[in-house]
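> Each residue of the sequence shown is one higher than the last, beginning at 1 in the UniProt record's numbering. Beta carbons are placed, not taken as given, at the ideal position from N, Cα and C, and that holds for glycine. Input: one structure, supplied below.
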Amino acid sequence: YENWLQGYAQKTDFDKVASEYTKIGTISTTGEMSPLDAREDLIKKADEKGADVVVLTSGQTENKIHGTADIYKKK
Numbered sequence: 001y002e003n004w005l006q007g008y009a010q011k012t013d014f015d016k017v018a019s020e021y022t023k024i025g026t027i028s029t030t031g032e033m034s035p036l037d038a039r040e041d042l043i044k045k046a047d048e049k050g051a052d053v054v055v056l057t058s059g060q061t062e063n064k065i066h067g068t069a070d071i072y073k074k075k
């Protein structure tokens, strides 16, 4: 599960993100859940904050899943 959010956090053109989007915050998820549930939780939190882009910044799977992501909104 090293890349448990790989499908959601595909490599992004970070220059494009920096030029076209403004960082609006950081979100995280932690708990005893499946990788899919963690992904859905991050998506839900990003949607609640009005984010257009989510960039995964960390992910761990020892006993519990923990993931963080920066969220961006179109300028």
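#1: Taking 6 angstroms as the limit between beta carbons, can you name the residues of its chain near Ile24, skipping five residues before and five after?
#2: Compute the distance between the beta-carbons of Ala38 and Val55, then report whether it is under 7 angstroms.
#3: Would you kindly report the start and end of the unbroken beta strand (DSSP E) that includes Ala46?
#4: What is the rounded straight-line gap between the Cα of Glu62 and the Cα of Pro35?
#5: Out of Thr22, Glu20, Gly67 and Glu32, which one is the CA nearest neighbour of Ile43?
Quick look at the numbers:
#1: Ile71 and Lys73
#2: no
#3: DSSP places Ala46 in no beta strand (DSSP E) but in the uninterrupted alpha helix (DSSP H) bounded by Pro35 to Glu48.
#4: Computed Cα separation, rounded: 12 angstroms.
#5: Gly67
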